[in-house]
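Chains as they are written, first to last, in the working numbering: chain U, 1 to 139; chain S, 140 to 278; chain Y, 279 to 417; chain E, 418 to 556. Built from N, CA and C at the ideal position, the CB exists for glycine as well. Structure record follows, encoded as structure tokens.
There are 4 protein chains.
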Amino acid sequence: MDGYSFSTEVRIRFAETDAQGIAHHASFVVWLEVARVAYLARYAGGYQAIRDSGLEALTTEVVLRYHRAAAFDETLTIWTRCVDLRGARFTYEYRIERAGELVAEGHTRHAVVDRETYRPTRLPAWLAEALATAESSAT
Amino acid sequence: MDGYSFSTEVRIRFAETDAQGIAHHASFVVWLEVARVAYLARYAGGYQAIRDSGLEALTTEVVLRYHRAAAFDETLTIWTRCVDLRGARFTYEYRIERAGELVAEGHTRHAVVDRETYRPTRLPAWLAEALATAESSAT
Amino acid sequence: MDGYSFSTEVRIRFAETDAQGIAHHASFVVWLEVARVAYLARYAGGYQAIRDSGLEALTTEVVLRYHRAAAFDETLTIWTRCVDLRGARFTYEYRIERAGELVAEGHTRHAVVDRETYRPTRLPAWLAEALATAESSAT
Amino acid sequence: MDGYSFSTEVRIRFAETDAQGIAHHASFVVWLEVARVAYLARYAGGYQAIRDSGLEALTTEVVLRYHRAAAFDETLTIWTRCVDLRGARFTYEYRIERAGELVAEGHTRHAVVDRETYRPTRLPAWLAEALATAESSAT
């Protein structure tokens, strides 16, 4: 995918469908999180490492545009990239495809906070560098 | 709430929280749906009536901005209004509050489709009128 | 309901249905928790009060028997009672009805643990008494 | 695993955790379904094939005993076997492990019904044979 170098796959669970016979639109929000966790595992030692260092990444914005319905047992590819790191904030962009066909796209924004106080905290240097390296190596 | 005349309440379930100790961000997407269902029950005979008439309303876009974390057992008020009906499409706007304080806000877009063919279908007149009346009476 | 004095209602959400067109069986597990939370709010100051006193109630067993399918937007009544308190353990029994008709029934078992160590801890006297009083007053 | 020849792995998602800091107990019910779907994909052409033949498998009973808490990002192995096929009914047994350690165990019961009428229907011969073969080859 143009501009994306990382992708994760999810297989749609039966529990993720609804009575419309398709994947419920809220399931996609969970899959974006699965993709972020896989991204951090690949490039930054995993989300649990970030949590273990006393931080949490809160989600401050979700934007999703759904282009096609997706059905039980289909495999979706979630192209994921991290953009716009500054201070305590960063953004992920996503493109969700099924066999090369666009199913949905969107972005999420996040703020790093201290796990105890829930106050915004600059990304630690190791994490900012890991994410920056991930994306620069992507191009 | 300014410009909103309809609201629904949700009480945050334990299952809707996550290991950050707060409501998971995907739970909000489900609550917006709960609010739409309540809105349609109030103004348009209920979502099931729409389904029974051979239609489904697909969600084509979700936008949510999270301003404050919300915790287990808190009661949230979801202010909801339907805007921009045209042809097969309509938009809902939301403002989620806890005791008058803004917790999140956003909108969702929808397309009415035929339940069998999944093709976009004009909102039936009764539904378009019901929604228009709901919002005009709101002001 | 025979032997039950407390009930909660849940309205089935669209997100809780699946592609079989009915409520997903895992949704019932969440509703049992909603019923426990309501029960504790009524008889024991709420689950958050228990958590605030440094305890968590872990679920150690779930048993559910499904007798009838339930559909979107239906209202279910969850009859709930607490039985068998001893030491750190207690059991809830449930009967889920729709307009007086049995939809599902089951029980859950729980162990009270310390929030920090996750070690089993005797129910504090105030909680054991609150639960015992709730059930004795029920008969 | 003794008596089990099939297993599936699930990686615990952040959305599947709760404010106790561990995987929510209802998440396990969804994982059992993931395991059944994987089992059917391996031995019986997939659950969608069953649905496409006009049948659904309803869940009529869930029994789960939780022995240890499980945390975000852990990988669980779900040992799965199908037992007791008769007429329209069958049972699955499960053993959920983390690195060889028992985390939970249980079973689910199911009834095959016609997708239109929701009436119990004998398992079609091809499916009964596929499941019987799966388990006999397992020993």
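Can you check which of these residues, the options, is closest to residue i by C-alpha distance?
i	options	result
U/R65	U/I12, U/G106 and U/S53	U/G106
U/I78	U/A99, U/R122, U/T17 and U/R115	U/A99
E/R532	E/L475, E/D501, E/S554 and E/Y509	E/L475
S/R261	S/A250, S/A271 and S/L270	S/A250
U/R81	U/G54, U/A130, U/G21 and U/Q20	U/A130
E/T550	E/A440, E/V500, E/T534 and E/E510	E/V500
U/T8	U/V63, U/I96 and U/T108	U/I96
S/Y186	Y/A348, Y/R320 and Y/F292	Y/F292
E/A542	E/G420, E/S470 and E/V447	E/S470
Y/G281	Y/L310, Y/T395, Y/E311 and Y/E371	Y/E371
S/E240	S/W170, S/E274 and S/A209	S/A209
U/S136	U/L32, U/A49, U/L85 and U/T60	U/L85
S/E199	S/A177, S/A227 and S/W170	It is worth fixing the name first, because residue 199 of chain S is Thr in this sequence and not Glu. Nearest of S/A177, S/A227 and S/W170 to S/T199, Cα basis: S/A227.
Please state the DSSP three-state secondary structure of residue i.
i	result
U/Y39	helix
U/S7	strand
E/A432	helix
E/I495	strand
Y/T411	helix
E/F445	helix
Y/R343	strand
U/I22	coil
E/S535	The displayed chain sequence assigns Tyr, not Ser, to residue 535 of chain E. It is coil, neither helix nor strand.
Y/A406	helix
U/D52	helix
So, using beta-carbon positions, are residue i and residue j closer together than 8 Å?
i	j	result
E/R428	E/T492	yes
S/A183	S/L266	yes
E/R485	E/V520	yes
U/V91	U/V62	Inspection of the sequence shows that residue 91 of chain U is occupied by Thr rather than by Val. No.
S/L179	S/V252	no
Y/R320	Y/F350	no
Y/V307	E/V446	yes
Report task. Anything in the segment 426-451 of chain E with a Cβ closer than 7 Å to a Cβ of chain S? List those residues in chain order, please. Result -> F431, A432, T434, D435, A436, G438, H441 and A443
**Report entry** Residues of the segment 44-58 of chain U whose Cβ lies closer than 9 Å to any Cβ of chain E, in chain order
**Finding:** G46, Y47, Q48 and R51
Query raised in the report: What residues from the segment 209-229 of chain S come within 7 Å of chain Y, judged by C-beta to C-beta, listed N to C?
Result: F211 and D212
Query raised in the report: Counting Cβ pairs closer than 8 Å, one from the segment 296-305 of chain Y and one from the segment 14-25 of chain U, do we hit at least three?
Result: yes
Query raised in the report: Can you list, in chain order, the residues of the segment 511-522 of chain E whose Cβ is nearer than 8 Å to any Cβ on chain Y?
Result: none
Query raised in the report: Just by C-beta distance, which residues in the segment 115-131 of chain U are closer than 7 Å to chain S?
Result: Y118
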